[in-house]
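Colleague: Chains as they are written, first to last, in the numbering used here: chain A, -12 to 157; chain B, 82 to 513. For glycine and all other residues, C-beta sits at the position ideal for the given N, C-alpha and C. Take this structure, written in structure tokens, and hold onto it; I'll ask about it next.
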């Protein structure tokens, strides 16, 4: 059962990833990107990590894909993109991807992944949370600081002088 | 001679009825019955009580009153019943339909109008049915330059997402379609799909007003999702679980709104914004941009979007009840099922009818569902009320409200929850 689901998810993920690259229409490309991200969420579900899967859906599909979609919709694409059609580049890209995938796969298969016990019960997300605030607390604080710095930076960058508008009475 | 249909002839009408009956019979005999027999030939029927369950036996069991209730019982235990009927789609759609009518009538009363009046004998109670018939019979018009696949898919996806949201809501103890361990996170994930569908449908219509409305909807939904999520973290901190059933069950002695009123207020305001209800109805501001992102929808496509909107309204109100108003908890008001019917049966003169399979629902479930519906209807009333009272806010006020004030208040709420936890008022060793 898991195998059929896995195969279906693989087809969805890889197929929509290829579609996201190859689609002529940018909107359909970003919809296909949503398919890829949703497929990855499905993989996390199969791996007994529903917490990560739901965050993948909420953050990647719900926010980042929306951001991409929104940007694409507001852009006049003829003005900023120059199409470069080149068969050789395409095949070189596919070849490079195959080389990378095969070498990564070889590394994974060589790393003893086959001897892993696969029917262990899933880790409770409460344990992960407890680990984060006890053993891994420096990493948590570092992440928090980086995120806070990023948000502050974004706010500083997005700040603008208020436009004086004579028509507004306030 | 009729004015509406001048070429109407009663004889033609009766002839067409007979025609339809003839063709129906013919198709059933030539296609339907052979199909049934082929299915019966392939499927192995189960053996029950030493008898092979033939279709004849199954039909006679259904007609047997002493067997009917157990069959209904067995059907009610299936997932199909839960998804289609009680805690799932049917129940929510019924409440949503009621909401539409109540909204129109209540708004009319608030504004000293009459509202729906003529359809149905009493106060226009059949108005909704009439509207539904009208929507179904209307032509579906698709704009010439629309992106057809997305435009067709958007209403269906909208209803499907709203139904997925409804499926996560526990209505009574044990009565929930999908009892997910991470229910609240699943709710956040499902809410994230609404802006995508909205902006896609708005873009695919290839029209000015839907696009403006869609972009407004996107701004509003994405920026209010953050205070929405933050305002619910207080409840999660206090209960230590993300499962909605457990959160509802944890409020047996007091609802969380007593301890987290700030969170409840923030959640209520963000709820209004997510639902595009009136102080925040910029995405479909009918006096500025026709009907916002719904402008190009017609016929049943508009009907589907409307159904999805009200399903979403029910789901948000129910989420408020589950998280802050103690879900299904309430004083036991439903009387217990009379025990003599179970032991002696119903005595009607000389006849005594013993009905196996009673009671259909337990007392707890009926009481829980009753309180849940009462509270949800109350919350829905408070969601509808601003429509008769408030004007629409400006978009920059809306965004600054969401990004500065509500997020700040949500953090205040989180610190209140942490304070209650660390002071020992709640949590282990405290009240609960």
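1. So, are the CB atoms of residue 528 of chain B and residue 126 of chain B less than 9 angstroms apart?
2. Considering just the uninterrupted stretch of the alpha helix (DSSP H) at residue 403 of chain B, what are its terminal residues?
3. My output table needs one value for residue 434 of chain B: the three-state DSSP class, helix, strand or coil.
4. Could you tell me whether the Cβ atoms of residue 336 of chain B and residue 407 of chain B are closer together than 9 angstroms?
5. Under 9 angstroms, do residue 21 of chain A and residue 52 of chain A count as touching if we go by C-beta distance?
6. From residue 129 of chain A to residue 118 of chain A, what does the alpha carbon distance come to, in whole angstroms?
7. Under 8 angstroms: do the segment 304 to 323 of chain B and the segment 443 to 451 of chain B share three or more Cβ pairs, one atom per stretch?
8. For residue 134 of chain A, does the three-state DSSP call read helix, strand or coil?
9. Which runs of the beta strand (DSSP E), 3 residues or longer, sit entirely within the segment -1 to 68 of chain A?
10. Is residue 128 of chain B helix, strand or coil when you go by DSSP?
11. Pairing CB atoms from the segment 391 to 398 of chain B with CB atoms from the segment 177 to 188 of chain B, are three or more of them under 8 angstroms?
12. Taking 9 angstroms as the CB-CB cut-off, is residue 284 of chain B touching chain A?
13. Strictly by DSSP, which residues pair up with residue 267 of chain B?
14. Does DSSP classify residue 152 of chain B as helix, strand or coil?
15. Have a look at residue 72 of chain A and residue 26 of chain A and give me their C-alpha separation to the nearest angstrom.
16. Is residue 377 of chain B buried or exposed, if buried means 16 or more other CB atoms sit within 10 Å of its CB?
17. Taking a cut of 7 angstroms between CB atoms, which residues from the segment 267 to 282 of chain B lie near chain A?
18. Residue 329 of chain B and residue 403 of chain B: beta carbons closer than 9 angstroms?
19. Please classify residue 154 of chain B as buried or exposed, where buried requires at least 16 neighbouring CB atoms within 10 angstroms.
20. Return the CA-CA distance between residue 36 of chain A and residue 131 of chain B, expressed in angstroms with no decimal places.
21. I'd like to know whether the C-beta of residue 250 of chain B is nearer than 9 angstroms to at least one C-beta of chain A.
22. Looking at the unbroken alpha helix (DSSP H) that takes in residue 493 of chain B, where does it start and where does it end?
23. Within 10 angstroms of its Cβ, does residue 100 of chain B collect 16 or more other Cβ (buried), or is it exposed?
24. Rounded to a whole number of angstroms, what is the C-alpha to C-alpha distance between residue 249 of chain B and residue 260 of chain B?
25. Would you report the Cα separation of residue 462 of chain B and residue 164 of chain B, rounded to the nearest angstrom?
26. My understanding is that residue 301 of chain B touches residue 479 of chain B, with C-beta atoms under 8 angstroms, so please give their C-beta distance in whole angstroms.
27. For residue 160 of chain B, return the contacting residues in chain A, with the cut-off set at a CB-CB distance below 8 angstroms.
28. Give a yes or no on whether the minimum CB-CB distance between residue -2 of chain A and chain B is below 9 angstroms.
29. Identify every residue that forms a DSSP beta bridge with residue 429 of chain B.
30. For residue 285 of chain B, collect the residues of the same chain with a Cβ closer than 7 angstroms to its Cβ; drop the 5 residues on either side in sequence, then sort them by chain order.
31. Assuming contact is defined by CB atoms lying nearer than 9 angstroms, are residue 469 of chain B and residue 121 of chain B in contact in what I supplied?
32. For residue 240 of chain B, which of B:424, B:396 and B:499 has the nearest alpha-carbon?
Modeller: According to the structure shown:
1. Only positions 82 to 513 of chain B appear in the structure, and residue 528 of chain B is not among them; the question remains open.
2. Boundaries of the alpha helix (DSSP H) around residue 403 of chain B: 380 to 405.
3. Strand.
4. It is a contact, given that the beta carbons lie within the stated cut-off.
5. Between residue 21 of chain A and residue 52 of chain A, the CB-CB gap stays under 9 angstroms.
6. Near 15 angstroms, if we compare the C-alpha coordinates of residue 118 of chain A and residue 129 of chain A.
7. Contact fails between the segment 304 to 323 of chain B and the segment 443 to 451 of chain B, because fewer than three Cβ pairs, one in each stretch, are under 8 angstroms apart.
8. DSSP, reduced to helix, strand and coil, places residue 134 of chain A within a helical segment of the structure shown.
9. As summarised for the segment -1 to 68 of chain A, there are no continuous beta strand (DSSP E) elements at least 3 residues long confined to that stretch.
10. Strand.
11. With the cut-off at 8 angstroms, the segment 391 to 398 of chain B and the segment 177 to 188 of chain B touch.
12. Chain A, which has a Cβ nearer than 9 angstroms to the Cβ of residue 284 of chain B, makes this yes.
13. Residue 267 of chain B is not bridged to any residue.
14. Of the three classes helix, strand and coil, the one that applies to residue 152 of chain B here is helix, per DSSP.
15. Rounded to the nearest whole angstrom, the CA to CA distance from residue 72 of chain A to residue 26 of chain A is 29 angstroms.
16. Classified as buried, residue 377 of chain B has 16 or more neighbouring CB atoms from the shown chains inside 10 Å of its CB.
17. From the segment 267 to 282 of chain B, only 267, 269, 270, 273, 274, 276, 277 and 280 have a Cβ closer than 7 angstroms to chain A.
18. Cβ distance < 9 angstroms, so residue 329 of chain B and residue 403 of chain B count as in contact.
19. Counting Cβ neighbours within 10 Å, residue 154 of chain B comes out exposed, since fewer than 16 surround it.
20. If I take the Cα positions, the gap works out to 46 angstroms.
21. It does not; no Cβ of chain A falls within 9 angstroms.
22. Looking at the DSSP string, the run of the alpha helix (DSSP H) that includes residue 493 of chain B is 488 to 503.
23. So residue 100 of chain B ends up on the exposed side.
24. CA-to-CA, the gap between residue 249 of chain B and residue 260 of chain B works out to about 7 angstroms.
25. Distance between the alpha carbons of residue 462 of chain B and residue 164 of chain B is about 26 angstroms.
26. That belief holds up - the Cβ atoms of residue 301 of chain B and residue 479 of chain B are roughly 6 angstroms apart, short of 8 angstroms.
27. Those do not exist, as residue 160 of chain B stays about 17 angstroms from chain A at its closest Cβ, beyond 8 angstroms.
28. Not one chain B Cβ lies under 9 angstroms of residue -2 of chain A.
29. Bridge partners of residue 429 of chain B: B:432.
30. Sequence-distant Cβ neighbours of residue 285 of chain B in its own chain, meaning closer than 7 angstroms and more than five residues away, are 227, 228, 231, 232 and 235.
31. Cβ distance not < 9 angstroms, so residue 469 of chain B and residue 121 of chain B don't count as in contact.
32. The shortest Cα separation from residue 240 of chain B among B:424, B:396 and B:499 belongs to B:396.
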